[in-house]
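Asker: What follows is a single structure, and I will ask about it in a moment.
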Amino acid sequence: MVDLDWNNVPKDMCPVCKTDKYLSPEIQFKINPECYHKICDACVDRIFSLGPSVCPYPNCNKILRKNKFKTQIFDDIEVEKECDIRRRVLSIYNKKATDFKNTEEYNKYLEEIEDIVYKLLHKIDVEKTEERLKEYSIENKQSITLNNVRRDQEYEKFIRLQKLEKQYKSKRNKLNRQILYEKSNLKNLEKMTAIDQLQESSEEKDPEAVLRSVKEQMKKRSNKYREQLDELEKKYLRQKQAILRNEKSPSKKAREASMKTPFTPFNGDRLSPLPYRLHYSRYKDPYVEKVVKNEQFKAGGYKIEQYYRRSLDEAFTGLNCFIEEEKAV
Amino acid sequence: MVSPKEETPLPPAKPKKVTNDDLYRRSTQYRYWSFTVSKLADLRVLANKKGLKSTHEKLDNLDPALEETKAVTSNGLDKFPFVTPTEELQIITYYARKCQDLANFFRLPSQVRSTAIVYLYKFYLTHSVMAYHPQHIMYTCLFLAAKVENSFIGISNFSNAIPRTTPDSILQYEYLILQSLRFSLRCHHPFMPLYGFYLDIQDLLPKVDLKRLTRSCDKAREHISESLFTDVFFLFTPPQIALSCLWKSDDILVERYLAKTMGLKKRQIKGELAVVKEVEKGNGVSSESASPDADPAENESNLLTPQQKFDKLMITIKKCAHAIEKNTCSPSVDEARRISSKIRYCLDPIRYGRRLVKQQKETATVVVQANSEQSRPSKSGARMADAPEGPSKRVKTE
Numbered sequence: 329m330v331d332l333d334w335n336n337v338p339k340d341m342c343p344v345c346k347t348d349k350y351l352s353p354e355i356q357f358k359i360n361p362e363c364y365h366k367i368c369d370a371c372v373d374r375i376f377s378l379g380p381s382v383c384p385y386p387n388c389n390k391i392l393r394k395n396k397f398k399t400q401i402f403d404d405i406e407v408e409k410e411c412d413i414r415r416r417v418l419s420i421y422n423k424k425a426t427d428f429k430n431t432e433e434y435n436k437y438l439e440e441i442e443d444i445v446y447k448l449l450h451k452i453d454v455e456k457t458e459e460r461l462k463e464y465s466i467e468n469k470q471s472i473t474l475n476n477v478r479r480d481q482e483y484e485k486f487i488r489l490q491k492l493e494k495q496y497k498s499k500r501n502k503l504n505r506q507i508l509y510e511k512s513n514l515k516n517l518e519k520m521t522a523i524d525q526l527q528e529s530s531e532e533k534d535p536e537a538v539l540r541s542v543k544e545q546m547k548k549r550s551n552k553y554r555e556q557l558d559e560l561e562k563k564y565l566r567q568k569q570a571i572l573r574n575e576k577s578p579s580k581k582a583r584e585a586s587m588k589t590p591f592t593p594f595n596g597d598r599l600s601p602l603p604y605r606l607h608y609s610r611y612k613d614p615y616v617e618k619v620v621k622n623e624q625f626k627a628g629g630y631k632i633e634q635y636y637r638r639s640l641d642e643a644f645t646g647l648n649c650f651i652e653e654e655k656a657v
Numbered sequence: 168m169v170s171p172k173e174e175t176p177l178p179p180a181k182p183k184k185v186t187n188d189d190l191y192r193r194s195t196q197y198r199y200w201s202f203t204v205s206k207l208a209d210l211r212v213l214a215n216k217k218g219l220k221s222t223h224e225k226l227d228n229l230d231p232a233l234e235e236t237k238a239v240t241s242n243g244l245d246k247f248p249f250v251t252p253t254e255e256l257q258i259i260t261y262y263a264r265k266c267q268d269l270a271n272f273f274r275l276p277s278q279v280r281s282t283a284i285v286y287l288y289k290f291y292l293t294h295s296v297m298a299y300h301p302q303h304i305m306y307t308c309l310f311l312a313a314k315v316e317n318s319f320i321g322i323s324n325f326s327n328a329i330p331r332t333t334p335d336s337i338l339q340y341e342y343l344i345l346q347s348l349r350f351s352l353r354c355h356h357p358f359m360p361l362y363g364f365y366l367d368i369q370d371l372l373p374k375v376d377l378k379r380l381t382r383s384c385d386k387a388r389e390h391i392s393e394s395l396f397t398d399v400f401f402l403f404t405p406p407q408i409a410l411s412c413l414w415k416s417d418d419i420l421v422e423r424y425l426a427k428t429m430g431l432k433k434r435q436i437k438g439e440l441a442v443v444k445e446v447e448k449g450n451g452v453s454s455e456s457a458s459p460d461a462d463p464a465e466n467e468s469n470l471l472t473p474q475q476k477f478d479k480l481m482i483t484i485k486k487c488a489h490a491i492e493k494n495t496c497s498p499s500v501d502e503a504r505r506i507s508s509k510i511r512y513c514l515d516p517i518r519y520g521r522r523l524v525k526q527q528k529e530t531a532t533v534v535v536q537a538n539s540e541q542s543r544p545s546k547s548g549a550r551m552a553d554a555p556e557g558p559s560k561r562v563k564t565e
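Chains as they are written, first to last, in my numbering: chain A, 329 to 657; chain B, 168 to 565.
In structure tokens:
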């Protein structure tokens with residue numbers, strides 16, 4: 329058996345279990361960003377299921393964890409590596425051109441990023457650059473999180489735009505199809521009526537008029553579709569603008585507005601002044617006072633003020649409703 | 168197109184002002200159960216017509232082969248004891264008073280009693296006594312009102328206490344009543360407003376003797392109980408009824424109190440009261456002519472001067488008091504019996520036929536006896552003359 333050259337593993341073969349694509353076509357390779365050594369799916373399961381373990385490649389000695397393994401996207405490991413590093417650096421160095429006073433500063437900033445990426449990729453002063461990254465992230469913690477949030481929002485906006493466009497296109501296609509269908513119908517009809525006309529030329533009714541009316545109808549319908557199409561386009565553009573302007577959709581806005589206004593049972597606040605004055609101390613009712621003195625009543629939370637208030641309220645509820653006038657219609 | 172609302176951001180909702188009167192206007196009592204005088208009369212006539220129609224249908228459905236049916240038809244439909252709208256109101260009032268007695272028997276609070284009576288009146292705005300006998304409906308109304316007003320009585324206890332009823336006979340009308348009430352069960356009675364005025368008078372007129380006030384209020388409560396048997400519940404709002412009942416027991420107090428609430432001075436009241444009294448002297452005609460004058464001002468009721476407001480309210484209160492006095496009727500037992508038997512005939516026309524047949528037989532024997540004594544007057548003629556009077560006599564003596 330030929331010894332495997334670990335530094336130059338064949339493309340379609342797992343160096344650990346020696347399986348290759350030829351014998352098991354559903355083989356999948358995974359890599360770990362620690363060392364970028366490729367291992368097949370089955371081996372990852374087998375070796376790392378019980379916890380972190382050492383990379384099976386000789387002289388690697390990196391400790392790998394299962395949850396860090398991922399499928400390789402680029403064929404070239406170097407590209408893959410760079411992408412990972414870039415992603416990591418960019419999540420920290422995430423300022424935008426608008427954050428800088430002039431292009432020069434921005435360019436400097438970009439240069440710095442490239443510098444770091446290059447150094448990390450080629451393992452030049454790794455520790456120093458790592459330190460630099462860390463320092464920067466601590467210094468600009470707030471702006472970093474802010475920018476990240478902003479980026480997420482932009483992404484969401486993009487997704488929404490895409491969705492909207494998709495919807496718009498499908499609707500437009502549907503309408504277009506309908507218009508085409510109407511057109512072909514119109515043509516067919518013309519042919520049919522022409523034949524009919526030839527057949528029954530002695531018909532009393534004016535065949536021209538009939539035909540015209542049918543045509544009118546058809547045209548109207550197709551015009552309607554066209555109008556709908558125009559409307560759709562307008563709506564689409566408006567919604568797109570709204571999304572670009574970072575506005576929320578109207579329904580969402582209304583919902584939020586309704587959530588902000590407090591609930592009132594009669595769809596409005598009772599701000600009008602009370603038609604009576606509440607002077608609890610002035611009200612005397614020997615019977616009720618006797619009741620209130622009884623501890624048993626008070627224990628349940630009975631409050632004579634509430635009773636007074638309710639009575640007064642009812643006394644002025646409908647006092648100025650004159651039924652004879654108001655219902656006389 | 169999309170409405171411009173979607174594009175422009177919504178303006179912050181302005182809180183609306185809602186007065187107590189607006190609240191009352193939203194109540195079912197105002198929306199469904201408040202009518203003008205003429206509308207109320209129309210409703211009653213309509214209900215009566217409905218009852219007539221159903222009785223006619225029953226008459227048509229009688230088996231023509233029966234002897235009783237023949238008696239009814241030969242007697243003539245115009246002589247059939249249909250119930251008139253006035254009689255309907257009388258019998259309903261009679262049973263409303265019965266309802267009061269029954270509620271007192273069960274020791275139910277006045278709230279329940281009033282609600283039951285109001286339910287009874289409301290029910291007969293859509294139905295006629297010729298379709299449902301008020302006695303049965305009254306029981307169910309009381310049972311329902313006790314339930315609604317939180318003084319529940321178990322159905323078996325309830326029907327045990329009332330002779331000749333079963334739980335089923337009471338419950339069978341429950342849904343029907345609920346339906347005719349348009350499922351609006353809340354009744355605003357004038358008792359609570361009266362108490363509110365009792366308190367407010369103490370605040371605004373502290374010089375008034377408390378004993379006098381209490382006495383007036385107690386009397387007013389009696390007036391309110393009495394007002395249940397009139398139409399004022401449908402024509403006026405509870406505070407207005409309360410005030411007019413208080414006015415009936417102590418007119419000076421109410422006038423002074425209202426003047427104080429409107430912010431009028433004493434002299435002004437006296438001058439204006441004279442005007443109001445003049446209006447009253449002219450009786451219904453002039454007081455009614457006063458309300459259309461106020462009509463255009465209705466929308467700007469806030470623009471009315473306190474004086475005008477005061478006058479308007481006083482006129483309403485007096486009208487209400489007048490209505491309570493005028494409408495109060497307590498039909499006698501005899502009268503109630505007469506109407507009740509009429510109702511029974513309407514509900515089951517065959518009974519009337521039976522009565523007629525019996526009557527005819529009796530008169531026939533009388534005639535035969537007379538004939539044996541006299542020299543043969545025409546038999547049929549005597550019968551024709553006697554028959555119409557016969558049943559009505561029977562009814563009266565029943």
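Cβ coordinates follow ideal geometry from the N, Cα and C atoms, glycine included.
Predicted model only: the values in this text are computed from it and were never measured.
State yes or no: is the beta carbon of Thr-186 of chain B nearer than 9 Å to at least one beta carbon in chain A?
Answerer: Cβ-Cβ to chain A under 9 Å: yes for Thr-186 of chain B.
Asker: Apart from the five residues on each side of it in sequence, which residues of its chain come closer than 8 Å, Cβ to Cβ, to Val-239 of chain B?
Answerer: Around Val-239 of chain B: Leu-226, Leu-229, Phe-247, Pro-516, Tyr-519, Gly-520 and Leu-523.
Asker: Between which two residues does the alpha helix (DSSP H) containing Phe-400 of chain B stretch?
Answerer: Its alpha helix (DSSP H) spans residues 399–402.
Asker: Using the rule of at least 16 other Cβ atoms within 10 Å of the residue's Cβ for burial, across every protein chain shown, is Trp-334 of chain A buried or exposed?
Answerer: Its Cβ having fewer than 16 others within 10 Å, Trp-334 of chain A is exposed.
Asker: Say whether chain A places a C-beta atom closer than 9 Å to the C-beta of Leu-431 of chain B.
Answerer: No, because no Cβ of chain A sits closer than 9 Å to the Cβ of Leu-431 of chain B.
Asker: In chain order, which continuous runs of the alpha helix (DSSP H) of length 4 or greater are located wholly inside the region 450–476 of chain A?
Answerer: As far as the region 450–476 of chain A is concerned, its whole alpha helix (DSSP H) runs of at least 4 residues are 454–467.
Asker: Can you confirm whether Phe-650 of chain A, when its beta carbon is compared against all beta carbons of chain B, has any partner nearer than 9 Å?
Answerer: Yes, contact with chain B.
Asker: At what residues does the alpha helix (DSSP H) containing Ile-329 of chain B begin and finish?
Answerer: First-last for Ile-329 of chain B: undefined, no H or E at that position.
Asker: If contacts are defined as beta-carbon pairs under 8 Å, then Ile-320 of chain B and Leu-287 of chain B qualify, I think. What distance do you get, rounded to the angstrom?
Answerer: Not confirmed; about 17 Å, so no contact.
Asker: Nearest chain B C-beta to Tyr-611 of chain A closer than 9 Å, yes or no?
Answerer: Yes - at least one Cβ of chain B is within 9 Å of the one on Tyr-611 of chain A.
Asker: With DSSP collapsed to three states, give me the class of Leu-361 of chain B.
Answerer: Residue state, collapsed to three classes: helix.
Asker: Give the interface partners of Leu-213 of chain B over in chain A, defined as CB-CB distance under 8 Å, in chain order.
Answerer: Those do not exist, as Leu-213 of chain B stays about 17 Å from chain A at its closest Cβ, beyond 8 Å.
Asker: Which whole-angstrom value describes the C-beta separation of Ile-491 of chain B and His-300 of chain B, a residue pair presumed to lie in contact below a C-beta threshold of 8 Å?
Answerer: Contact doesn't hold; Cβ gap of about 28 Å is too wide.
Asker: What separation, rounded to the nearest whole angstrom, lies between the Cα atoms of Gln-545 of chain A and Tyr-509 of chain A?
Answerer: Answer to the nearest angstrom: the Cα atoms are 14 Å apart.
Asker: To which residues does DSSP link Phe-273 of chain B through a beta bridge?
Answerer: Looking at the DSSP assignment, Phe-273 of chain B forms no beta bridge with any residue, so it has no partner.
Asker: Hey, quick one: how far does the alpha helix (DSSP H) through Lys-493 of chain B stretch, first residue to last?
Answerer: Here the alpha helix (DSSP H) through Lys-493 of chain B covers 473–494.
Asker: At the 9 Å Cβ level, is Thr-483 of chain B part of the contact set with chain A, yes or no?
Answerer: For Thr-483 of chain B, the answer is yes, since a Cβ of chain A falls inside 9 Å of its Cβ.
Asker: Within the chosen definition, does the region 415–429 of chain B reach the region 383–402 of chain B through at least 3 CB pairs nearer than 8 Å?
Answerer: The region 415–429 of chain B, when compared against the region 383–402 of chain B, does touch it at the 8 Å Cβ threshold.
Asker: What does a CB cutoff of less than 6 Å around Lys-366 of chain A pick up in its chain, not counting 5 residues either side in sequence?
Answerer: Only Phe-357 and Ile-359 meet the Cβ criterion.
Asker: Might you give, ordered along the chain, the residues of its own chain that have their beta carbon closer than 6 Å to the beta carbon of Cys-513 of chain B, omitting 5 neighbours on each side?
Answerer: Within the same chain, Cys-513 of chain B has close Cβ partners Thr-222 and Met-297.
Asker: In the DSSP assignment, the alpha helix (DSSP H) including Lys-314 of chain B goes from what residue to what residue?
Answerer: Unbroken alpha helix (DSSP H) run through Lys-314 of chain B: 301–315.
Asker: Can you find a CB in chain A that lies within less than 9 Å of the CB of Ser-416 of chain B?
Answerer: Answer no: the Cβ-Cβ gap between Ser-416 of chain B and chain A never drops below 9 Å.
Asker: What is the C-beta distance between Cys-388 of chain A and Cys-368 of chain A, in whole angstroms, given that I count them as a contact (C-beta under 8 Å)?
Answerer: Going by Cβ atoms, the distance from Cys-388 of chain A to Cys-368 of chain A rounds to 16 Å, so no, they are not a contact pair.
Asker: In terms of alpha-carbon separation, which member of B:Val-533, B:Val-375 and B:Gln-278 lies closest to His-356 of chain B?
Answerer: Of B:Val-533, B:Val-375 and B:Gln-278, the residue nearest in Cα terms is B:Gln-278.
Asker: For the candidate residues B:Val-204, B:Arg-274 and B:Leu-190, whose alpha-carbon lies nearest to that of Gly-646 of chain A?
Answerer: When only C-alpha atoms are compared, the closest one is B:Leu-190.
Asker: In the region 338–414 of chain A, which residue ranges form an unbroken alpha helix (DSSP H) of at least 4 residues, counting only runs that do not cross its ends?
Answerer: DSSP runs (the alpha helix (DSSP H)) wholly in the region 338–414 of chain A: 369–376.
Asker: Starting from the C-beta of Thr-195 of chain B, find all residues in its chain whose C-beta is less than 7 Å away, skip the five residues before and the five after it, and write them out in chain order.
Answerer: Closer than 7 Å at the Cβ level, and outside the excluded window around Thr-195 of chain B, lie Ser-351 and Arg-353.
Asker: Can the beta-carbon of Tyr-261 of chain B be found closer than 9 Å to that of Ile-506 of chain B?
Answerer: Cβ atoms of Tyr-261 of chain B and Ile-506 of chain B: closer than 9 Å.
Asker: Residues in the region 386–405 of chain B with C-beta within 9 Å of chain D's C-beta atoms, listed in sequence order?
Answerer: Any reference to chain D falls outside this structure, whose protein chains are A and B.
Asker: With 9 Å set as the bound, which would you pick, yes or no: does the beta-carbon of Arg-638 of chain A sit closer than that to a beta-carbon of chain B?
Answerer: Yes, Arg-638 of chain A lies at the interface with chain B (some Cβ there is under 9 Å from its Cβ).
Asker: Cβ of Tyr-306 of chain B less than 9 Å from any chain A Cβ?
Answerer: No, because no Cβ of chain A sits closer than 9 Å to the Cβ of Tyr-306 of chain B.
Asker: Using 9 Å as the threshold, is the C-beta distance between Arg-388 of chain B and Phe-358 of chain B below it?
Answerer: Cβ distance < 9 Å, so Arg-388 of chain B and Phe-358 of chain B count as in contact.
Asker: Restricting to Cα atoms, I'd like to know which of B:Ile-284, B:Thr-293, B:Phe-401 and B:Phe-477 is closest to Cys-308 of chain B.
Answerer: Considering only alpha carbons, the answer is B:Ile-284.
Asker: Quick check: what's the CA-CA separation for Leu-377 of chain B versus Leu-343 of chain B?
Answerer: Near 47 Å, if we compare the C-alpha coordinates of Leu-343 of chain B and Leu-377 of chain B.
Asker: Check distances from the C-beta atoms of the region 373–384 of chain A to those of chain B and list, in chain order, the residues that come in under 7 Å.
Answerer: Answer set for the region 373–384 of chain A: empty.
Asker: How about Thr-457 of chain A: is its C-beta nearer than 9 Å to some C-beta of chain B?
Answerer: Cβ-Cβ to chain B under 9 Å: no for Thr-457 of chain A.
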